[in-house]
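Structure first, then comments.
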Amino acid sequence: MSEPTSLYIYLHTHWDREWYWSFSGYRTQLVTVVKNILDLLESGTLNNFVLDGQTALIEDVLEVSPGLAPRLKKLITDKKLFVGPWYVLADQMLVGGESLVRNLHYGLALCESFGGASRVGYCPDTFGHSADLPRILRGFDIKSAVVWRGVPRLKISPLFDWKSPDGSEVLALDLTQGYYQSTFGEGLKSDALAAFLLKYLDLVQDTAGGVKTNQAGVMAPTIVPELNGALLPVGADHVGPQSDFKQQLKDALALINKKDLYVRPQTVSLDQFFKAVAEATVAKFGEPRRLIESELRDNAAAFEFARAYMLDGVLSARLYLKRDNRLAEYKILRQAEPFRALLAAHKVMPYCLDELDYNWKLLLKNHPHDSICGCSIDVVHREMQVRTAALADGLEMLITQGKEAVLKTARPDASAMQDVRFGARHLDIVDPVLPLDRLCVFNAGVAPARGPVRLRLALAGKDPVAVPAAFQQIASHQATETFLGLSQVPVFKEITVVDCYADPGLIAPMTLTAFDLTTSGPAKTNGSDNAVVRVDASGDGIDQIKLSNEYFALGFDKDGSLEVSITGGAPLKLGHRLVDVGDAGDTYNFDPIDEDRPLAARLVSVREGQKGPLVASLIAHYQIDLPEGLISRGTFVEAKEPAEAPALNLFDRAKIRIPHKIETEIILKKDTPVVFFETTIQHSARDHRLEVVFDTPAPLDFTLSENHYSLIKRYHDQKAELHPHVNAAQIVALGHEAPLSRYPCQRFFVGGNQVFFNKGLPEYGVGDSAVSITLLRAVSYLSRTRLRTRGGGAGPIIPTPEANCPGLLKMSYGWSRLELAQLHNPSASPADAENPLAGPALSETSAYVLAEIYEADPVVFIAPQGGVADKSLSLFSLDNPAIRVFATYIDAPDTLIVRLLNVTSGPAEAIFTPGFAAVTVASGPFGGTFIENPEASDSDLELKELKGFAGDKASGGKGLNFRLAFEACQSITLFCRI
Numbered sequence: 001m002s003e004p005t006s007l008y009i010y011l012h013t014h015w016d017r018e019w020y021w022s023f024s025g026y027r028t029q030l031v032t033v034v035k036n037i038l039d040l041l042e043s044g045t046l047n048n049f050v051l052d053g054q055t056a057l058i059e060d061v062l063e064v065s066p067g068l069a070p071r072l073k074k075l076i077t078d079k080k081l082f083v084g085p086w087y088v089l090a091d092q093m094l095v096g097g098e099s100l101v102r103n104l105h106y107g108l109a110l111c112e113s114f115g116g117a118s119r120v121g122y123c124p125d126t127f128g129h130s131a132d133l134p135r136i137l138r139g140f141d142i143k144s145a146v147v148w149r150g151v152p153r154l155k156i157s158p159l160f161d162w163k164s165p166d167g168s169e170v171l172a173l174d175l176t177q178g179y180y181q182s183t184f185g186e187g188l189k190s191d192a193l194a195a196f197l198l199k200y201l202d203l204v205q206d207t208a209g210g211v212k213t214n215q216a217g218v219m220a221p222t223i224v225p226e227l228n229g230a231l232l233p234v235g236a237d238h239v240g241p242q243s244d245f246k247q248q249l250k251d252a253l254a255l256i257n258k259k260d261l262y263v264r265p266q267t268v269s270l271d272q273f274f275k276a277v278a279e280a281t282v283a284k285f286g287e288p289r290r291l292i293e294s295e296l297r298d299n300a301a302a303f304e305f306a307r308a309y310m311l312d313g314v315l316s317a318r319l320y321l322k323r324d325n326r327l328a329e330y331k332i333l334r335q336a337e338p339f340r341a342l343l344a345a346h347k348v349m350p351y352c353l354d355e356l357d358y359n360w361k362l363l364l365k366n367h368p369h370d371s372i373c374g375c376s377i378d379v380v381h382r383e384m385q386v387r388t389a390a391l392a393d394g395l396e397m398l399i400t401q402g403k404e405a406v407l408k409t410a411r412p413d414a415s416a417m418q419d420v421r422f423g424a425r426h427l428d429i430v431d432p433v434l435p436l437d438r439l440c441v442f443n444a445g446v447a448p449a450r451g452p453v454r455l456r457l458a459l460a461g462k463d464p465v466a467v468p469a470a471f472q473q474i475a476s477h478q479a480t481e482t483f484l485g486l487s488q489v490p491v492f493k494e495i496t497v498v499d500c501y502a503d504p505g506l507i508a509p510m511t512l513t514a515f516d517l518t519t520s521g522p523a524k525t526n527g528s529d530n531a532v533v534r535v536d537a538s539g540d541g542i543d544q545i546k547l548s549n550e551y552f553a554l555g556f557d558k559d560g561s562l563e564v565s566i567t568g569g570a571p572l573k574l575g576h577r578l579v580d581v582g583d584a585g586d587t588y589n590f591d592p593i594d595e596d597r598p599l600a601a602r603l604v605s606v607r608e609g610q611k612g613p614l615v616a617s618l619i620a621h622y623q624i625d626l627p628e629g630l631i632s633r634g635t636f637v638e639a640k641e642p643a644e645a646p647a648l649n650l651f652d653r654a655k656i657r658i659p660h661k662i663e664t665e666i667i668l669k670k671d672t673p674v675v676f677f678e679t680t681i682q683h684s685a686r687d688h689r690l691e692v693v694f695d696t697p698a699p700l701d702f703t704l705s706e707n708h709y710s711l712i713k714r715y716h717d718q719k720a721e722l723h724p725h726v727n728a729a730q731i732v733a734l735g736h737e738a739p740l741s742r743y744p745c746q747r748f749f750v751g752g753n754q755v756f757f758n759k760g761l762p763e764y765g766v767g768d769s770a771v772s773i774t775l776l777r778a779v780s781y782l783s784r785t786r787l788r789t790r791g792g793g794a795g796p797i798i799p800t801p802e803a804n805c806p807g808l809l810k811m812s813y814g815w816s817r818l819e820l821a822q823l824h825n826p827s828a829s830p831a832d833a834e835n836p837l838a839g840p841a842l843s844e845t846s847a848y849v850l851a852e853i854y855e856a857d858p859v860v861f862i863a864p865q866g867g868v869a870d871k872s873l874s875l876f877s878l879d880n881p882a883i884r885v886f887a888t889y890i891d892a893p894d895t896l897i898v899r900l901l902n903v904t905s906g907p908a909e910a911i912f913t914p915g916f917a918a919v920t921v922a923s924g925p926f927g928g929t930f931i932e933n934p935e936a937s938d939s940d941l942e943l944k945e946l947k948g949f950a951g952d953k954a955s956g957g958k959g960l961n962f963r964l965a966f967e968a969c970q971s972i973t974l975f976c977r978i
């Protein structure tokens, strides 16, 4: 060999906060492991150590052993213990983009408070990587990443350049042999360790003691050409380092280097490794690094990459967790943060920074991949639900505090303030002593909104009571409620709680508006012939009841297929078929059963639900007889595989069937171009997958799915089947994984000109001139030893009966057409009509506009007249629908942060107009901090002060307009000094 091979070693542990033990069990073990790590570092037995990539571990340890804080801080400051940059190692496909941003924000902040953070995006065990991760990392001045699963086959080097749709780029390294390298902890002899190291470095030792490359001129995927060396992780799940590591390494290298210096080792941090790469000479190898401009979800090289299975079944395991998470993200991002920011900007009440920080961390603690993916033991996911409930209660209280502050401005004298009280059981209702003068609505979107809003009223007296004419009643019940306000004595009242809708008309964007209920006319009589939203029945058949609003007329045909007409056009066959197949897989992978045939639910009746005039619905009742579970029929062993290879367990679906009733409410709303579906099932079967299937007019060759800050274009085989027939011989080879047949999305995906929405149903399929959304996947094991679709295990073999999702399940999804976004535009001007968005910009912008309409759930409450709500408090406005807001919050006592995204694939401009007296506005990356002197900052974190100008939109002396220029798919964070 002409020069020695460099061996860069990082000592680490990979720590799942919860998985096959509960959080408490893991934390108890973690404290012991961390104490040992500190002892070894302080004594010099080890030079350095990487404490995974998540700083929540520090908080976990210090909650038990707070006395370790000084030792941790010193070792981190001295760059012997490396932490961060993440708060938790989250799954990337199942959480929102803003959650990943805050994950880094809190992780880096905690690291810095202890002496410094690793600046490498370390993601060693994530089940696929977002195309927007380079953008997010670069937004925090992180220029490199380490990944494992999902990387396409690499031939030259494990290093590759990875670029997001906005052009942000990081240097990434694929751990081609995985992070789990436990060899130094297995008690092996020196010759075995030497053999391991040589194989890892693609070297062989000849009989004379010399060393040479294994294949002339061809380097293993571990070798980094720039360094003529490799990065070796030494560590595994939930274990600490070996105290004799240095001696083990020395003895093994003595056998390798006995004739000459062939391997030169050094223990490093990940930051030190990437610094070495940056300083190395690239030219001598002559070939540029591979550029990847996509998400990392490729499992074709899973076998070569140490069984880097994608495990895409986690997209639909325990979907109730995904629903909880989606609703929680919405509540914090679209309700609590912007509402309280608005009130702080207008000096109504102080911002609740500490409280929201606490709630964000509570949410993030549900985001580690073994948690949100649903692939842990049952007790872990019960604990997640406890955290979710605590989060919901905390956020609701913060919102209620904001409502209380607004109401008190209408009751300025001390005695009248005593009337401002909210329900203890029903926190969203106001004491009926307050008059129903105003309907207060906070629209957290960047576009004007129309459509009914939902709320609950407390009316004095027992049910039935007269509901004010401006409201459409949905349901009511009698209650004895306790009403109380902040630091007030509670009062007890007999009331009627009314669940209802109201129509505020046009709701200004990012504004709290009070609509006068004393002068508004009554809603049209329920069921009247001229109702805006209505149900019409001509008979008792399933095809004889129709639902309509301004945009749609829909109903079922005689075969039970849903048909929709748009603004008087020809009927479109939408389908809405409920299809079930057996699943012999586990929480990680769906696994089909050979010779299985899909079961279709039967539509047995359709009846009127809500009657209008603001909201109306049809309730469709389906019946499906589900096999109670699986029946074992032996095992299959592939003759050509090693004797120790795991066998495949064979199953049939049980002959015993359990009748299941599925109820789908199909809802239309006034002024709303979206069809809403709310499906419920009382579930008691096991081991199967239930999907809703929508027809498309023709086979789809591609779909667009919402990612974090971009749309992912996925190409599909037009001849593909949604539920292909599987025969007994279809089994992937040992260590391999079948091609992926289902795909992730955030809030929506687009097929043709149709948009399909969801709330926590992130898995979809394409085939047979149709698309599917997975509603339920029920499995009985955390992992099985082997599947048809996966050539090995993925975790411990532990029964998980609750992963079958027994009990009442709720699923929410929706549908629309892209062109309806423009028809709906409530602020369209004649100029807009003459110059509509065209081409890609139409579909990109329209999908986001419709998604915001679908998920809209504004803060709504009743108030007396007077006070600040009568003044229509505005936070800001934007004049371009292609620019969407993703976060609005206050990160310091006087700095409002607004995160914006150009959702189109071309450049765009927008005018940003603060609705309050903004002293200064600057733009910067995700992780910037407001600074007075931008020139003094690092160029990658520079905040650019924006110059305002007086224009037609500036009003009331509240500040200037600010012109924003966006590149394609660019996100900009605004920092507004208030």
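Per our numbering, the sequence shown starts with residue 1, numbered consecutively.
All C-beta atoms, glycine included, are put in the ideal place defined by N, C-alpha and C.
Values in this document were obtained by computation on a predicted structure and should not be read as measured data.
- Residue 140 places its beta carbon less than 8 Å from that of residue 108.
- Across the set 685, 378, 311, 410, the C-alpha of 685 shows the shortest separation from the C-alpha of residue 626.
- Annotated as distal: residue 715 and residue 745, with beta-carbon spacing of 8 Å or more.
- Residue 879 places its beta carbon 8 Å or farther from that of residue 977.
- For the set 382, 378, 427, 377, the Cα lying nearest the Cα of residue 394 is the one of 427.
- Out of 668, 559, 750, the CA that lies nearest to the CA of residue 706 is found in 750.
- Around the beta-carbon of residue 797, fewer than 16 other beta-carbon atoms lie within 10 Å, marking it exposed.
- Runs of the beta strand (DSSP E) lying entirely within the stretch 165-214, each at least 3 residues long, are 169-174, 203-205, 211-213 in chain order.
- For residue 713, the closest C-alpha among the options 501, 592, 293, 876 is that of 293.
- A direct Cα-Cα distance of roughly 42 Å separates residue 273 from residue 392.
- Residues 563, 565 of the same chain have their beta carbon placed closer than 6 Å to that of residue 571, with the five preceding and five following residues left out of the count.
- In this structure, the alpha-carbon of residue 633 lies about 12 Å from that of residue 593.
- A residue is called buried when at least 16 other Cβ atoms come within 10 angstroms of its Cβ; residue 477 does not meet this threshold and is exposed.
- Cβ neighbours of residue 887 within its own chain (closer than 8 Å, five residues either side excluded): 98, 101, 333, 337, 897, 898, 899.
- For residue 110, the uninterrupted alpha helix (DSSP H) segment begins and ends at 97-113.
- A straight line joining the alpha-carbon of residue 406 with that of residue 343 spans about 8 Å.
- Where residue 26 is concerned, the enclosing alpha helix (DSSP H) starts and stops at 23-42.
- Here residue 420 is near residue 485, since their CB atoms are less than 8 Å apart.
- Around the beta carbon of residue 711, 16 or more other beta carbons lie within 10 angstroms, which makes this residue buried.
- Judged by beta-carbon spacing, residue 132 lies beyond the 8 Å limit of residue 158, meaning their Cβ atoms are not closer than that value.
- Excluding its 5 nearest sequence neighbours in each direction, residue 117 has C-beta neighbours in its own chain below 6 Å: 84, 85, 108, 111, listed in chain order.
- Nearest C-alpha to residue 104 among 971, 17, 926, 970: 926.
- The beta-carbon separation of residue 245 and residue 46, rounded to 7 Å, stays under the 8 Å limit for a contact.
- Between the alpha carbons of residue 3 and residue 207 lies a gap of roughly 20 Å.
- Our two residues, residue 79 and residue 446, have alpha carbons roughly 45 Å apart in a direct line.
- Counting the other Cβ atoms within 10 Å of the Cβ of residue 518 gives fewer than 16, which makes it exposed.
- Between the alpha carbons of residue 264 and residue 9 lies a distance of about 11 Å.
- If you draw a 10 Å sphere on the C-beta of residue 370, you find 16 or more other C-beta atoms in it, and that means buried.
- Within the same chain, and ignoring the five residues on either side of residue 738 in sequence, the residues whose Cβ sits closer than 6 Å to its Cβ are 732, 789.
- Each of 667, 591, 275 was checked against the Cα of residue 614, and the nearest Cα belongs to 667.
- Closest in C-alpha terms to residue 223, from the list 289, 269, 166, 474, comes 289.
- At least 8 Å separates the beta-carbon of residue 778 from that of residue 652.
- Distance from residue 515 to residue 439 at the Cβ level is roughly 4 Å; contact confirmed, criterion being Cβ atoms closer than 8 Å.
- Residues 621, 623 of the same chain have their beta carbon placed closer than 6 Å to that of residue 604, with the five preceding and five following residues left out of the count.
- Taken atom to atom, the span from the alpha-carbon of residue 917 to that of residue 876 is near 11 Å.
- Within the model, the alpha-carbon separation for residue 270 versus residue 864 is close to 59 Å.
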